[in-house]
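S.K.: To start, I am sharing the structure in question, which I have written as structure tokens.
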Amino acid sequence: MRKPIIAGNWKMFKTVKEALAFAEEVKGKAEVDGVESVICAPFTNLPALVEAFKGTTIKVGAQNLHWADNGAYTGEISGEMLKELGVDYVIIGHSERREYFAETDETVNKKIKAAFKYGVTPIVCVGEKLEEREAGRTKDVCKTQTEAAFAGLDKELAAQTVIAYEPIWAIGTGKSSTSEDANEVIAYIRELIKGLYGTETAEAIRIQYGGSVKPANVKEYMGMSDIDGALVGGASLEPASYIQLVEGAR
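Position one of the sequence shown corresponds to residue 465 (our numbering), numbered consecutively onward.
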């Protein structure tokens, strides 16, 4: 039985003061049996959130990392740095990183391996652009991105990875893939994992949906056979909304 995971992606929002206020609001409320709660915050907020969530079941995630252990990479953060902070998760390959910061399938793969090296679980994003969807290339894009992301990763680590299927045209637009369409693509991604690693790994790996998920529609997505949670942007920024998302994943 796969444990649903609701991961909030705060993107470039919230000061430390605002993050701590959020933490106080959600403690004890966004902790639901059978659901894993994660907040992926800007780097500046991570130490404060790790401390604030001690003694709770809420996990903290980063939004990116570099593949190198250290070096002349101004502005970057390593897996070792995240491990030292006590971070549990890191988002890798988000469409905004791919579009604005030259993230590639190759760098995604290197970052996944770097995360695991330091015991941080990657949330790996895959998904198609609108023009790719309209051209009927959704599955081709997901296949290319998924297979490249997992290249050289062993079976045990693959099973621990979280995949987030995020159709790019649905992120922050208010548009969302129907639950049936999202489930079809996620089931296809699971079949890709089965082809790479076998049935056991495919059944173990958790695959989220991301793209304008809100408290009003989260139950619909969670009712699908292959959707194991959600990677949520805007709707994760308000405490009440985030609590409802977690409750809706039960």
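All C-beta atoms, glycine included, are put in the ideal place defined by N, C-alpha and C.
Of the choices 592, 653 and 576, whose alpha-carbon is the least far from that of residue 618?
M.R.: In the sequence shown, counting from the first residue as 1, residue 618 sits at position 154. Ranking the options by Cα distance to residue 618, first place goes to 576.
S.K.: Can you tell me where the beta strand (DSSP E) with residue 554 in it begins and where it stops?
M.R.: Numbered from 1 along the sequence shown, position 90 holds the residue referred to as residue 554. For residue 554, the enclosing beta strand (DSSP E) stretches over residues 553–556.
S.K.: Whole alpha helix (DSSP H) runs in the segment 474–508 with 4 or more residues, listed along the chain?
M.R.: Annotation: the segment 474–508 contains the following complete segments of the alpha helix (DSSP H) (minimum length 4 residues), in chain order: 480–490.
S.K.: Helix, strand or coil for residue 698 per DSSP?
M.R.: Position 234 of the sequence shown, counting from 1, holds the residue named residue 698. Residue 698 falls in the helix class under three-state DSSP.
S.K.: Note down the Cα distance separating residue 588 from residue 562, rounded to an integer number of angstroms.
M.R.: Start at 1 with the first residue of the sequence shown, and residue 588 comes out as number 124. Start at 1 with the first residue of the sequence shown, and residue 562 comes out as number 98. If I take the Cα positions, the gap works out to 12 Å.
S.K.: For residue 527, does the three-state DSSP call read helix, strand or coil?
M.R.: For this step, residue 527 is matched to residue 63 along the sequence shown. Three-state result, residue 527: coil.
S.K.: Considering only residues of the same chain and omitting the five flanking positions on each side of residue 594, which have a CB-CB separation below 6 Å?
M.R.: In the sequence shown, counting from the first residue as 1, residue 594 sits at position 130. Correct list, in chain order: 633.
S.K.: Are there three or more Cβ pairs, one per stretch, closer than 8 Å when the segment 475–495 is compared with the segment 677–696?
M.R.: no
S.K.: Sort out for me which residues DSSP pairs residue 693 with in a bridge.
M.R.: Residue numbering aside, residue 693 sits at position 229 when the sequence shown is read from its first letter. Paired residues: 469.
S.K.: Three or more C-beta pairs closer than 8 Å, one from the segment 487–505 and one from the segment 514–525: is that the case here?
M.R.: In short, these stretches touch, since the Cβ pair count reaches three.
S.K.: Would you report the Cα separation of residue 554 and residue 542, rounded to the nearest angstrom?
M.R.: Within the sequence shown, residue 554 is the residue found at index 90, counting from 1. Within the sequence shown, residue 542 is the residue found at index 78, counting from 1. In a straight line, the C-alpha of residue 554 is about 11 Å away from that of residue 542.
S.K.: Using the beta-carbon count (16 or more within 10 Å), is residue 455 buried or exposed?
M.R.: Residue 455 is absent from the model: the chain starts at 465 and stops at 714.
S.K.: Answer yes or no: do residue 560 and residue 635 have a C-beta to C-beta separation smaller than 9 Å?
M.R.: Position 96 of the sequence shown, counted from the first residue, corresponds to residue 560. Position 171 of the sequence shown, counted from the first residue, corresponds to residue 635. Against a cut-off of 9 Å, the Cβ pair of residue 635 and residue 560 comes out as a contact.
S.K.: Rounding to the nearest angstrom, what Cα-Cα distance links residue 643 and residue 676 in this structure?
M.R.: Within the sequence shown, the letter at position 179 stands for residue 643. Within the sequence shown, the letter at position 212 stands for residue 676. The straight-line gap from Cα to Cα measures roughly 12 Å.
S.K.: Between the beta-carbon of residue 430 and the beta-carbon of residue 573, is there less than 9 Å?
M.R.: The requested residue 430 does not occur in the structure, where the chain is confined to residues 465 to 714.
S.K.: How far does the beta strand (DSSP E) with residue 582 in it extend, from its first residue to its last?
M.R.: As a working mapping, residue 582 is identified with position 118 in the sequence shown. Counting along the chain, residue 582 falls outside any beta strand (DSSP E), and DSSP gives it neither H nor E.
S.K.: Could you give the distance in angstroms between the alpha-carbon of residue 711 and the alpha-carbon of residue 605?
M.R.: Sequence index remark: in the sequence shown, residue 711 carries index 247 (1-based). Sequence index remark: in the sequence shown, residue 605 carries index 141 (1-based). About 32 Å.
S.K.: Have a look at the DSSP bridge pairing and note the partners of residue 590.
M.R.: The residue labelled residue 590 in the question sits at position 126 within the sequence shown. Paired residue(s): 629.
S.K.: Taking the beta carbon of residue 714 as the centre, do at least 16 other beta carbons fall within 10 Å, making it buried, or is it exposed?
M.R.: Locating residue 714 in the sequence shown gives position 250, counting from the first residue. Flag for residue 714 reads exposed.
S.K.: Tell me where the alpha helix (DSSP H) around residue 657 begins and ends.
M.R.: Counted from its first residue, the sequence shown places residue 657 at position 193. Run containing residue 657: 643–661, per the alpha helix (DSSP H) assignment.
S.K.: Comparing C-alpha positions only, which one of 627, 487, 499 and 466 sits nearest to residue 474?
M.R.: Along the sequence shown, one-based indexing puts residue 474 at 10. It is 487 whose Cα lies nearest to the Cα of residue 474.
S.K.: At the level of alpha carbons, what is the spacing between residue 668 and residue 657?
M.R.: Against the sequence shown, residue 668 aligns to sequence position 204. Against the sequence shown, residue 657 aligns to sequence position 193. The straight-line gap from Cα to Cα measures roughly 10 Å.
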